[in-house]
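Numbering (my numbering), first residue to last: 763 to 934.
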């Protein structure tokens, strides 16, 4: 039995390690991964928001829904909301349902086209606007960036997102 294990382990190749100094593999280093830098920044910024939104009974995605609804001058459908937030239906629908249960908004079917669902803020949803504005200002104050640096970074990411979305099939 011991001989069998020894013969099996002898035939298994030793794990290969990437040579840290091999210039052919530098692009595989973690420090060179845009995706990781974006993921970490997203996590850290969202954590700031989470701590400040929690006393208001809001999650970060709910915060974004409120902003999307506050900035609109016309009624907003679920499809409009989904496109504004670049989220799929499976993510937006439960989010909106939870917000409706909390009394922040209400959904209603379009009388002319029952497939369309309208999303309207309630008075309670509108009442959070000043508090949410304070949350955003608090987050910005906690970031180790100037206002100009934040604007530049946001513009760069928006350009990246727009270019990548333009290559995908359009969101319906």
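A virtual CB, placed ideally from N, CA and C, is assigned to each residue, including glycine.
| Item | Value |
| --- | --- |
| Considering only the beta carbon of each residue, do residue 848 and residue 880 sit closer than 9 Å? | no |
| Which same chain residues, not among the five before or five after residue 814, have their C-beta less than 6 Å away from its C-beta? | 897, 900 |
| Let me check one thing: in DSSP terms, what residues is residue 838 bridge-paired to? | 881 |
| Quick one: what does DSSP say residue 805 is sitting in, helix, strand or coil? | helix |
| When burial is assigned at 16 or more other CB atoms within 10 Å of the CB, is residue 824 buried or exposed? | buried |
| Who are the Cβ neighbours of residue 891 in its own chain at under 7 Å, not counting the five residues just before and after it? | 832 |
| For residue 862 and residue 871, which I take to be in contact (beta-carbon distance under 8 Å), what is that distance rounded to the nearest angstrom? | Contact flag wrong, Cβ pair sits at about 13 Å. |
| I believe residue 865 touches residue 884 by the beta-carbon criterion, under 8 Å. Please report the beta-carbon distance rounded to the nearest angstrom. | 6 Å |
| Residue 912 and residue 905 look like a contact to me (Cβ under 8 Å); what is the Cβ gap, rounded to whole Å? | 7 Å |
| Going by DSSP, which residues form a beta bridge with residue 826? | Answer by DSSP bridge pairing: none, since residue 826 is not bridged. |
| Specify the secondary structure class of residue 908 as computed by DSSP and reduced to three states. | coil |
| Along the chain, where does the beta strand (DSSP E) containing residue 867 start, and where does it finish? | 867-871 |
| Can you tell me whether residue 892 is helix, strand or coil according to DSSP? | helix |
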